[in-house]
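Structure first, commentary second.
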Amino acid sequence: MQAHGASLIAISPQTPDKSLTVAEKHDLQFEVLSDAGNTVARQFGLVFRFVDELQAVFEKMGIQLPKYNGDDAWELPIPGTYVLSQDGTIMLAYVDANYTTRLEPGDILESLQGLIKRASS
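Residues in the sequence shown are numbered from 2 upward in steps of one, following the working numbering.
Structure follows, in structure tokens:
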């Protein structure tokens, strides 16, 4: 991605302190931004709320989502991957409600190559 002049940014509903902890723990080489209250995710229509039964299951497992996200909303974003041009135009968008399914890196690189071709035309 860097070879194509692109930057990777992750956006998380976690508080800045929790996001920093994750970035440091996993030695991430990209910026992790905090989306307090899922404000950005909500603009993309990607927020879902945990039903009460699922909240209870997570609490029993010791997963304290409100502690990580800094609110009591019990909401998370559906993962999405976007490639934006330098002017902010979304050139590629990928969203899947199954958080284990992600966009293939090759598809991202292909999109970046397409941006470079358009810019040089």
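Backbone N, C-alpha and C fix where the C-beta goes; we use that ideal spot for every residue, glycine too.
### Task
Round the Cβ separation of A94 and Y83 to the nearest angstrom and send it over; I've been treating them as touching at under 8 Å.
As a working note, residue 94 is residue 93 in the sequence shown. As a working note, residue 83 is residue 82 in the sequence shown. The pair is a contact, with the Cβ atoms about 5 Å apart (cut-off 8 Å).
### Start-to-end residues for the alpha helix (DSSP H) that takes in Y100
Residue numbering aside, residue 100 sits at position 99 when the sequence shown is read from its first letter. Y100 -> no alpha helix (DSSP H), and no H or E assigned at all.
#### Entry: Cβ-based burial, P78 [other Cβ within 10 Å; buried from 16]
What you label residue 78 is simply residue 77 of the sequence shown in a count that begins at 1. Burial call: buried.
### Message
According to DSSP, is G71 part of a helix, a strand, or is it coil?
### Response
By one-based count along the sequence shown, residue 71 stands at place 70. In this structure, G71 counts as coil in the three-state DSSP scheme.
### Message
Quick check: what's the CA-CA separation for G107 versus I91?
### Response
To locate residue 107, count along the sequence shown from 1; it is residue 106. To locate residue 91, count along the sequence shown from 1; it is residue 90. The straight-line gap from Cα to Cα measures roughly 18 Å.
### Task
Tell me G81's beta-bridge partners as DSSP assigns them.
Working through the sequence shown from its first residue, we reach residue 81 at position 80. According to DSSP, G81 bridges with V96.
### Message
So F49 and E25 are supposed to be a Cβ contact under 8 Å. How far apart are they, rounded?
### Response
One-based indexing of the sequence shown puts residue 49 at position 48. One-based indexing of the sequence shown puts residue 25 at position 24. F49 to E25, Cβ: 28 Å. No contact.
### Query
According to the Cβ coordinates, are F31 and I10 closer than 8 Å?
The sequence position of residue 31 within the sequence shown is 30, counting from 1. The sequence position of residue 10 within the sequence shown is 9, counting from 1. It is a contact, given that the beta carbons lie within the stated cut-off.
### Query
Where do the N-terminal and C-terminal ends of the alpha helix (DSSP H) with I117 fall, by residue?
Looking up residue 117 in the sequence shown gives position 116. Per DSSP, I117 belongs to the alpha helix (DSSP H) from P106 to S121.
### Message
Does F59 come out as helix, strand or coil in the three-state DSSP assignment?
### Response
On the sequence shown, position 58 is the one that residue 59 refers to. F59: helix per DSSP, three-state reduction.
### Query
Apart from the five residues on each side of it in sequence, which residues of its chain come closer than 7 Å, Cβ to Cβ, to Y100?
For the purposes of this step, residue 100 is taken as residue 99 along the sequence shown, with counting starting at 1. Excluding positions up to five away in sequence, the list reads P80.
### Query
Could you give the residue range of the beta strand (DSSP E) that holds S20?
Reading the sequence shown from its first residue, position 19 is the one you call residue 20. In this chain, S20 is not harboured by any beta strand (DSSP E); it is covered by the alpha helix (DSSP H) spanning P17 to K26.
### Per-residue DSSP class, three states only, for A11
Residue 11 sits at position 10 when you count from the first residue of the sequence shown. Strand at A11.
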